[in-house]
Structure formats: C-alpha cells, structure tokens
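Numbering (my numbering), first residue to last: 8 to 406.
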Ligand code: SAH
C-alpha cells in the first residue's frame, strides 16, 4: 500500500538547528519547534531551516527522546537502497586495514556514526551478527538485510534485537536468530591470528568485545616475563594476548563461571601456539570489588576493564567512584615497575573525567609513575560525535 500522507516536515529551535548543521546526528524532542503531523517509527523526515530550505533528512521515532536520527545534512538525498549500499560500502572500505592482520572478527557497521543509527553489524568469520537498538529499522528490515548480504557476503546472518524491540519486531513478523541458513550458535574467528569463540546467538552484545582489539595488542607488547592479572576477564581476550606476548603467568578474574569457561575454551583453541599453551594460569571466580580488597597477591601487569558502570547519566558519579576504588586497589597490587591498563566503556563518563580520575589516584599512590599510552576508539568503532565516544583507556607504569 503506498503512503499518500505528506512527507514529514520538521523545523527546529535555533540550538538544535545549529547542532544539526554542524553534523550532530541526533535531534531530541525538545529541539523540535514544529512538525506537520505525527510520524511512524522509521519514517523519513525532512528538516527545513529557519528560511525554509532543506537542512537534513533522517529517520523519525515518535517514542524515543531522540526523535530524529539524521542521515544526511546539507544536500538533499534520496534515501533508498542505493544510498544504504553506498554507506555500507564506505564502512567496509574503512576496515580494509583490519583484513590485512589475520583478523576475521570485527565490527562492520558502527551505528549512528556510519549512517546506520541504532544498528551494529559484527562479523565473526562467515557469520554476520546484526543487532538493532532502534525500531526505525523494522519497516525497512528486508531492504537492509539485502544490502548487508550484498556488501558483506556472509554465509550466515544472525539478527539480534535490544529488549525494547521484542514486541514491535514480533508485531512486524521479525524474529531474533539465524535468518536463512542456520549456522553454529558458537562461531570461531581470528583476531590478530588468535582464535576466539563468539556466542553469536546468546552472548553479551554480539558475542565478543571486539572494541578492545587494539588495546589487547598493546598489552601483548608489554607482557613479556610478567605476572598478569586480568580483572573482568570475560572470555580471556587480554589474557590470550598477554600469553602470546610472553607473560610468565596469567590470572583471569571474573564473577561469571560462564565467562571463565569461555576463556578456558579460548585457550584450548590456541593450543598450537606454544606461548599460549605453555603459560601458567589461574582463574578466580569472584566479585572484583571485594576480591581486590581482600586478596594480598601482587602482579606486574594488571588489566582493569569493567562492564559499563554508568548506563544512565545519573549513574555517572557512582561510576567515577567505582573506577577510583577499583584502580586504586589494582595499583596497590602492582610490584615495582608494574603496569596498570585501565579501561572504561561507560558512555556517560567522559575521557577527561576518567583519565583525570586515574591521574589523581596515580598521584595519590605516592609512587613514581609515567604514562605509557592512552587510547580511544579503533577504526572499526568510529565515533563521529561526542555521545558515541564511550571507550577510553590509559596505561601507567609505576615505580
Ligand atoms: N575485558 C573483557 C570484557 C569485559 S566484559 C574483554 O576484553 O573481552 C565485563 C565482564 O565483567 C563480564 O565478563 C562480567 O561477567 C564481568 N563482571 C561483571 N561484574 C563483575 C564483578 N563485580 N566482578 C567481577 N567480574 C564482573
């Protein structure tokens, strides 16, 4: 049935208009001065500026505080299959350097920063896992699926939905799981030549934390001869790299037995690598906050990469206190010459606040210290506006 309603037309308050003009892809409901009618989730809406000229086009969502997700600014564009194909191809091209590194697990599309607001697509070998966080995709899922198949040529495609989409997706006849041919629930892929498994159907996010690839590499380069503690180890990502880098001993610490078992399997998957198979290992199932307080062992390299500690703005202050406590305790466990690698994936804690907290506790430790590196997003996780920048890490050596 063709839609005979007029195209959605939006005008913005000056502040929102300035932000859109400058390239920010989100328009909040409070930024909308007028709209010609109510729209459906996923409808295209055109923003006109104060002189009634085309300013931008985006996807409308009546139920979200982010009412419009901008796709293009400045020049009018027809948003059709050809447009989506071009965005997906741009994203694919950006990842070319990753494919040179014996890596077939990486993010192919990173949401709003790449013209696909509220959609991520991660590749694990032959399997593409698409996760939708916004209902704007439901009315055009068939088209998007075909675009993703054409550009990324996966053998298998898994669709995953954020919790808020379960009901509207079911109403649209869209369901989670393999679409088309059914592959394995657990897929083995390679990251810089190390084999890992990803639980593509049921794991956290799309099954693995692809965003830490570059930091893992940095840890590998620092690990030789060291006694390593990996706090919040999940499936052992940092531990396997540390082992390959020549660590003397690695300890995984996670609260989840599942996570520790996944790490065990990942070590086994890499049995042929003598550095990985011969490293001495321990695993500890515990709450990191309590364990770091109570245990008295010391280490030469500690990685602290907790889950997001601030999912909402009002959790920000609590998250900063938690980063403070965790890393302060980690530093107290570092031997002379020991190294701390501290990461944060909380979007509501800025890099400035996180790095500031770490520098403050480094000073308070009373020990000599020097920063070895600081890092943000890898190339397959581009962040083109401030709210998209969630990942930051700092590496400090202590005397
Ligand atoms: N560093 C990991 C990703 C960490 S994900 C990587 O490189 O892949 C966060 C992990 O923290 C999950 O495995 C979760 O089980 C664990 N976790 C959450 N709360 C915890 C707690 N209080 N103590 C220890 N582990 C915790």
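C-beta: ideal position from N, C-alpha, C; glycine also. All of these numbers come straight from a predicted model, not from anything done at the bench.
Assigned with DSSP and collapsed to three states, residue 317 falls in coil, not helix or strand. For residue 61, the shortest C-beta to heavy atom distance toward ligand 1 is 6 angstroms or greater. The three-state reading of DSSP puts residue 211 in coil, since its state is none of H, G, I, E or B. Taken in chain order, the complete beta strand (DSSP E) segments of 3 residues or longer contained in the stretch 145 to 208 are 163 to 168, 184 to 186, 193 to 198, 201 to 206. Taking a 10 Å sphere around the C-beta of residue 257, we find 16 or more other C-beta atoms and assign the residue as buried. Residue 350: member of the beta strand (DSSP E) spanning 341 to 351, first to last residue. Of the candidates 112, 393, 118, 112 places its Cα closest to the Cα of residue 161. Closest in alpha carbon position to residue 292, among 305, 310, 265, 311, is 265.
In the DSSP secondary-structure assignment, residue 134 is bridged to 131, 163. Residue range 88 to 101 is occupied by the alpha helix (DSSP H) that includes residue 97. Here the distance from the Cβ of residue 219 to the nearest heavy atom of ligand 1 is below 6 angstroms. Put simply, of 393, 27, 81, 271 the residue whose alpha carbon is nearest the alpha carbon of residue 260 is 271.
Using a C-beta cut-off of 8 angstroms, the stretch 170 to 178 makes contact with the stretch 137 to 149, since at least three inter-stretch Cβ pairs fall below that distance. As computed with DSSP, residue 247 is found in no beta bridge at all.
Taking every protein chain shown into account, the CB of residue 278 has fewer than 16 other CB atoms within 10 angstroms, so this residue is exposed. Those residues that bring their Cβ nearer than 5 angstroms to a heavy atom of ligand 1 are 216, 219, 239, 241, 244, 261, 262, 263, 266, 294, 295, 312, 314. Beta-bridge analysis with DSSP links residue 381 to 401.
Residue pairing by DSSP places residue 65 opposite 52, 77 in a beta bridge. Annotated as proximal: residue 234 and residue 307, with beta-carbon spacing under 7 angstroms. Note on the stretch 257 to 334: whole alpha helix (DSSP H) runs with a minimum of 4 residues are 264 to 276, 281 to 285, 295 to 301, in chain order. Residue 353 holds the alpha-carbon nearest to the alpha-carbon of residue 327 among 400, 353, 86, 311. Secondary structure note for residue 226: its alpha helix (DSSP H) is the uninterrupted segment 220 to 229. Under the three-state reduction of DSSP output, residue 336 falls in the helix class.
Of the candidates 28, 381, 197, 376, 28 places its Cα closest to the Cα of residue 81. Contact between the stretch 41 to 60 and the stretch 14 to 26 is established, with three or more Cβ pairs separated by less than 8 angstroms. In the three-state reduction of the DSSP assignment, residue 356 falls in the coil class, being assigned neither a helical nor a strand state. Less than 7 angstroms separates the beta-carbon of residue 406 from that of residue 375. In this structure, the CA atom of residue 392 is about 29 angstroms from the CA atom of residue 240. The beta carbon of residue 362 is closer than 8 angstroms to those of 381, 399, 401 in its chain, skipping five residues each way along the sequence.
The beta-bridge partner set that DSSP reports for residue 140 is empty. Membership of residue 28 in any beta strand (DSSP E) is not indicated; the residue belongs instead to the alpha helix (DSSP H) covering 21 to 28.
Within a 10 Å sphere around the beta-carbon of residue 58 sit fewer than 16 other beta-carbons, which makes this residue exposed. For residue 236, the beta-bridge partners assigned by DSSP are 258, 309. The DSSP-derived three-state label of residue 37 is helix.
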